[in-house]
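There are 2 protein chains.
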Amino acid sequence: MKKYLKTDEWNIIEEGFDPDRLRASESIFSLGNGRLGQRGNFEEAYTEDSLQGSYVGGITYADRTRVGWWKNGYPSFFSRVPNAPNWSGIYVRLIDEELDLAQWEVEQFTRRLDMKEGISYRDMTVESPKGHKLHIHVEHVNSMAQQNLCLIRYRVTSVNYKGKISLVPYINGDVTYERSNFNEKMWNILKAETRSDHAYIWAQVKREDSQLTCALTYELLRNGKPVTGTQIKIEKEKLTGFSAGADVKPGDEVTLLKYSAIVSTLYHDRRKLVEQAVKEAREARQIGWNSLLEAHRKVWQEIWDTTDVVIEGDPEAQQGIHFNIFQLYQSYRGEDPRLNIGAKGFTGEKYGGNTQWNTELCCVPFFLLSNPKEIVKNLLLYRYNQLPKAIENAEKLGFTHGAALYPMVTSNGEECHNEWEITFEEIHRNNIIAYAIDQYTVMTGSTSYVAKYGLEVLIAISRFWSQRVSFSQTKQQYVLLGVTGPNEYENNVNNNWYTNYSCVQCLKKTIEYIGLTAQKYPDEYARTCRITGFEISETEHWQEIIDKMYLPEDTEQGIFLQQEGYLDKVLDTVESIPAEERPVNQHWSWDRILRSCFIKQSDVLLGMYLYYYHFDKETVRRNFHFYEPRTLHESSLSPFVHSILAARIGETEKAYDLFLRATRLDLDDYNNEVHQGLHITSMAGSWLAIVQGFAQMQIRKNNTLRFSPIIPEKWTAYSFYMYFGGCMIQVRVTQSDITIHLIEGEQLSVMLYDQIYTLEAGKELKSEKK
Amino acid sequence: MKKYLKTDEWNIIEEGFDPDRLRASESIFSLGNGRLGQRGNFEEAYTEDSLQGSYVGGITYADRTRVGWWKNGYPSFFSRVPNAPNWSGIYVRLIDEELDLAQWEVEQFTRRLDMKEGISYRDMTVESPKGHKLHIHVEHVNSMAQQNLCLIRYRVTSVNYKGKISLVPYINGDVTYERSNFNEKMWNILKAETRSDHAYIWAQVKREDSQLTCALTYELLRNGKPVTGTQIKIEKEKLTGFSAGADVKPGDEVTLLKYSAIVSTLYHDRRKLVEQAVKEAREARQIGWNSLLEAHRKVWQEIWDTTDVVIEGDPEAQQGIHFNIFQLYQSYRGEDPRLNIGAKGFTGEKYGGNTQWNTELCCVPFFLLSNPKEIVKNLLLYRYNQLPKAIENAEKLGFTHGAALYPMVTSNGEECHNEWEITFEEIHRNNIIAYAIDQYTVMTGSTSYVAKYGLEVLIAISRFWSQRVSFSQTKQQYVLLGVTGPNEYENNVNNNWYTNYSCVQCLKKTIEYIGLTAQKYPDEYARTCRITGFEISETEHWQEIIDKMYLPEDTEQGIFLQQEGYLDKVLDTVESIPAEERPVNQHWSWDRILRSCFIKQSDVLLGMYLYYYHFDKETVRRNFHFYEPRTLHESSLSPFVHSILAARIGETEKAYDLFLRATRLDLDDYNNEVHQGLHITSMAGSWLAIVQGFAQMQIRKNNTLRFSPIIPEKWTAYSFYMYFGGCMIQVRVTQSDITIHLIEGEQLSVMLYDQIYTLEAGKELKSEKK
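Laid out in structure tokens, this is it:
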């Protein structure tokens, strides 16, 4: 855990420049707008270690699979969102010196990420080896309003320098990708051109159809007044831009406004790509900095107006939850079913920008509960559209008859991960795809999606399960052999409780929605049967599996087992591990991790979180007390789930600790890995930990919304907005009472603890806290 | 299974040229002499697919580890015996054409590998695109007498060509290694020089100290008479040699004798490497072809005189066993404790020429029983010398206090394999190292090795086991969690019966040899305690493990379990798998293999083979009948073990089928992989299948040698030589009787079936077959 950022409710602040934490800060200060994003790299040159990264959603490169020992079924390629041409660069040159924070003295260095307005600020005073001192002020924005625009205001004030200062806005197509499997460059530069008022790079992803163009325009001001006529055009093979300068004396300032437009073939015809980018860059300059920023701020204001979570009395938690919501919306806007949310968003190379099951586990309920737009429908359609690929994935593993195995890691639906114990065995991922369809149906109250799209997916997933189970003669029950649960710290186990349990739930829900669709949407049902070749007789086998699934448990202790045989392990607790060996995945050999009792995240508890309505509080308590002390939380998906369950069993302070860990995972770098990028998808979990955890929001029988809030001792109050069944409410919990306000909608039944109330439009329900 | 070679007792014969089987034939026709070896590549140019490979034992390249997903504990390098500069090349040029079997017409193509004399012959008639016809005859020898020499006689007879024929003997240092992880070239060429009477390449392995020099001399004859004075020197950056020609008319022949000497820093000072190679190449030319061949033939004669196995009435089996013994001695001579036997010998790149546990499983008993020299002592010393590295390997995985884990794959003792389920978990390999020490002691009757060297190894291995087990509270027994057995078609299992059982045997034997050494060799014992820090109190924990080890079994069926939970699988038999899906490792995805009941080789049966004296025939029979039908034999280590056990339970024809599979694994290419190289180490298994299988040689209580032979119906007789306790005997079994002849030694007790006899020097024991 490395903590170096200042605590502030709406800002992330770093003071002082430390090259050793540069990669971490580059992750933390990432900027994005859902369509494009970038790490918090310096605009100026920096010749020491740094991970330069700018990414455009939906643009992927097929990196040849790298593997030590090939296994049948491995994919040929690993998809990666390539590092795009760097559109943010600005060199700063004096007469014969160039600003480089690795070489110059840096004083009074401050970065500030304003999360309310989505602007990154940087201020510093720098001194060249020759003693020239400058003050630099930078503002950097990826416009949320016009999502193709990156806007930078770069101001240099001379402290003691007299002479020409040149500012060089450029686009550099000669970029590398650190995690490339074979050190390949990912782009072909189709054209690099600098004209009188703009420059651009037109590039194509190697071996792919995808193209993008980055174009730039700029303005140069001296002491607030435009400087013209002094520019030099720069046009190299892979780099274009301008050098524009002005003479200064101490006290003078030179300001560059750089307008970059990034357009891709995802939204534009390749033949008009250059034209479009140049047009947008030119228009941006015309509209001007202030108006562009105004529009950008407005979008953020709208987001916060309905999504803000207020925590009173705990600035650290408040900062964390702001950071998480901020980063989520920077990564994903939910407008395009072709896009999804990379586990690291646009903040690093790890996981290649691909989609994982994190999306369904964390982001689906977050967006479903916190946003009225059809964001989640797009997330579901993403999977629906990839169903044919999921069927192909299953076929590669020997499954037949339209069985689908959704990929562990993907961009276009094809599996691209290549560890057999995960790729082939971490099959529980299929469950969350089905679960999300059910959640969507429950939360929105609309059954048309499942009838029209969801059922096809459910049938294909149920077919997978029905083929993947086998019948054990010994047990006279169905078993699931050779699986890896969400706890990836055990591999290739038999009868992982969570996998077996969720397999049964998938089958049950499918049968349920088959019934519903057949009855309520006979045409959709007929169409689905025709497309999938589904016959109702298939459900007989499914029902048999439901009835006879083996679920490992220890009846004596009243706990479900992580997997069969778990109790043969030496049952230590995490406390017994020396601090210097944590996180264990950075210190222990893999076999030692596997055979230890320590788990990355508890699968049993995950099942109890997802199917909360199946388990009573005592059962949760027993399992929580058994697994939580053995859980390392070395998965970002772990702490929020555990926090929610701790809240459920009334262990408020434990819930708080875990909440803080979930919420400040990256800000406090619990697992010593933030330099690789942020845990974007799991950020949604911290919001869930408030709503489903502290507020104990649950959907009970007959789709009744229920709250039974608790509040950490440290907090004065917390409040959040939530959507359910077409209504929007605001919930506020203090140490003494709970207020629920129906903001949108006419009427809503709400259960508070064990009493049912009816909320009326615009009215408030106020009740004492239990 | 691809069968295309003619059956002949002493020869491997291929008729007709088929490019599709070229790689397979290159493996089959490999030549070596224990110090160097090479695939059966064409000497002349061949511009289509081929795997050119020449290797020098003990010279290794540290290839950077390639892995998709790094795990703590993985080694940084994978050792590979690099492809040495090609010392066998001879271009054949007409006035403006060059012989290339990929482009020319090939008629009457025949290769023959004479295994009795160790000479490879090739004859063919070829026609150039211009219609020039030549007859080619090639003889190729890697001298067993002077192990630095490769000798080639290359004769070209003109059928219809008139003009100059140039023969170009060369050494080419510009070689590649197909399996190189990152396409790196492995050699730096230090010097490439051609002088008037010799040429050489002096090369150094990149990033290593190892160097070698290949030097060549030659003679050119036309119609049997020397041709001189026409040579052209060739000296390129990485290629040296000569072009030497003669004018011919139809019926004339030109013969090139190429003498290559290959010397390395393994045996020579680097400063004298060039000098030495040139000297040896020159001397070879001086000695001349006939004398060199005579010396070479004599070595083979000596080997066959004591190692030949005769099988009467079954030329296929006879050919197979000759091939196996021949290839074994081509790969390893046992004279240098720094060398070991690569799983593929010098016949391919797979496994990188490294040492695996195959050596101890197959080659140790073979050499121990079939050769009077101290070959096996050198194999044991190889491991003894690598003990410090084995301790380091264990330390990397968190073990302490001098515990050793021998590597799965190594050249210098450092683990170089990088699959977690094997590298970290296939720990049974430790057992066979201990077992070999015991075998050596039993077979030779000498305890000095174990006292002086072996005990240190045994203690280190027992320490490993004692730390690797854990105590299960549930079972109240010791368990071994997270292991992979010899059956690599299950990974990361709990309580693999073989691993648990052999762990116990290791501990027992160690305690036994501690007692023996303490009593009989007190000085050695004291020294060993001092060096290892061993204290006798350590054995208390070992004894507890021996007493309380969990061994999974099914008492109802009377079988031991492959691993805990094995019976939960769907228990099909191999017959149920469609032929086109075999071998399954080339057709099924890995997870499907893992969760199926099908095993690569049966671990339980392996245990019953190694510890045959622990299990009665009925127990073996039950386990054999349970596991054999589920065994795929997709490991070369499998069929011979199963054959021996089938023989033991009297199932002669099953034993025969499995023996044939073991013996002709490569000749008949059962697993469709011979193109990658030969299964050198497991070849020893086919000899064991005769001696320990059909003849049922066992060492009984009080070290009594026992035979209870059976003989396949097809065979008239079989006979073999064997060494035991300082004596050499010959055993001959016919359908009716058994003859045992004491060839060396004064007296030997032998048990035949259940009767004990005393063999006298030079006398024969003859008895009826039961």
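Here the protein sequences line up with chains S and U, keeping their order. Following the numbering used here from start to finish, the first sequence increments by one per residue and tops out at 770. Following the numbering used here from start to finish, the second sequence increments by one per residue and tops out at 1540. The C-beta atom is built at its ideal place from N, Cα and C for all residues, glycine as well.
Cross-chain neighbours of residue i in chain S, by beta carbon under 8 Å
{"i": "D944 (chain U)", "result": "Per Cβ cutoff of 8 Å: no residues; D944 (chain U) is ~22 Å from chain S at best."}
{"i": "R836 (chain U)", "result": "R66, V67 and G68"}
Partners in chain U for residue i, counting only beta-carbon separations shorter than 8 Å
{"i": "L564 (chain S)", "result": "Checking the sequence, you will find Glu at residue 564 (chain S) rather than Leu. Those within 8 Å of E564 (chain S) in chain U are G1335."}
{"i": "N72 (chain S)", "result": "N1355, Q1356, H1357, W1358, S1359 and W1360"}
Beta-carbon contacts of residue i that lie in its chain and below 7 Å, excluding the five residues immediately before and after
{"i": "I649 (chain S)", "result": "K617, V620, R621 and F624"}
{"i": "H135 (chain S)", "result": "T125, T157 and V159"}
{"i": "L368 (chain S)", "result": "V376, Q439, Y440 and M443"}
{"i": "Y1295 (chain U)", "result": "T1287 and A1288"}
{"i": "C1497 (chain U)", "result": "L1512, E1514, G1515 and L1518"}
{"i": "H1171 (chain U)", "result": "R1233"}
Collapsed DSSP secondary structure at residue i in the structure displayed
{"i": "A1416 (chain U)", "result": "helix"}
{"i": "R741 (chain U)", "result": "Residue 741 (chain U) lies beyond the range of chain U shown here (771 to 1540); nothing can be said about it."}
{"i": "P597 (chain S)", "result": "Note on residue identity: the sequence assigns Cys, not Pro, to residue 597 (chain S). Looking at C597 (chain S) - three-state DSSP - the assignment turns out to be coil, as it is neither helix nor strand."}
{"i": "S1489 (chain U)", "result": "strand"}
{"i": "Q108 (chain S)", "result": "strand"}
{"i": "A1051 (chain U)", "result": "helix"}
{"i": "G1377 (chain U)", "result": "helix"}
{"i": "P1348 (chain U)", "result": "coil"}
{"i": "G786 (chain U)", "result": "coil"}
{"i": "M914 (chain U)", "result": "coil"}
{"i": "G445 (chain S)", "result": "coil"}
{"i": "S753 (chain U)", "result": "Residue numbering for chain U in the displayed model covers 771 to 1540; residue 753 (chain U) lies beyond these limits and cannot be assessed."}
{"i": "L667 (chain S)", "result": "coil"}
{"i": "D893 (chain U)", "result": "strand"}
{"i": "L1062 (chain U)", "result": "helix"}
{"i": "S1408 (chain U)", "result": "helix"}
CB-CB length for residue i against residue j, believed under 8 Å
{"i": "K1539 (chain U)", "j": "S1506 (chain U)", "result": "6 Å"}
{"i": "S928 (chain U)", "j": "G1021 (chain U)", "result": "7 Å"}
{"i": "F1304 (chain U)", "j": "L806 (chain U)", "result": "No, F1304 (chain U) and L806 (chain U) are not in contact; Cβ-Cβ is about 41 Å, not under 8 Å."}
{"i": "A985 (chain U)", "j": "A1031 (chain U)", "result": "5 Å"}
{"i": "G1183 (chain U)", "j": "Q1156 (chain U)", "result": "3 Å"}
Neighbourhood of residue i by C-beta, 6 Å cutoff - its chain only, sequence neighbours within 5 removed
{"i": "R992 (chain U)", "result": "A1016 and V1024"}
{"i": "I738 (chain S)", "result": "P709, S767 and K769"}
{"i": "A403 (chain S)", "result": "A394, R463, F464 and Q467"}
Interface residues of chain S facing residue i [CB-CB closer than 7 Å]
{"i": "F1194 (chain U)", "result": "S589, W590 and D591"}
{"i": "R1365 (chain U)", "result": "L481 and G482"}
Cross-chain neighbours of residue i in chain U, by beta carbon under 7 Å
{"i": "D568 (chain S)", "result": "S1242, T1244, K1245, V1249, L1251 and N1264"}
{"i": "G398 (chain S)", "result": "W1358, S1359 and R1362"}
{"i": "E419 (chain S)", "result": "G838 and W839"}
{"i": "N491 (chain S)", "result": "N1262"}
Neighbourhood of residue i by C-beta distance below 8 Å, restricted to the same chain and skipping five residues each side
{"i": "P1399 (chain U)", "result": "T1343, V1344 and E1345"}
{"i": "N1473 (chain U)", "result": "V1212, G1215 and G1495"}
Proximal residues of chain S, C-beta to C-beta of residue i below 9 Å
{"i": "G1021 (chain U)", "result": "Per Cβ cutoff of 9 Å: no residues; G1021 (chain U) is ~53 Å from chain S at best."}
Would you mind listing the alpha helix (DSSP H) stretches within the stretch 510–543 of chain S that are 4+ residues and don't spill past its ends, in chain order? DSSP runs (the alpha helix (DSSP H)) wholly in the stretch 510–543 of chain S: 522–532.
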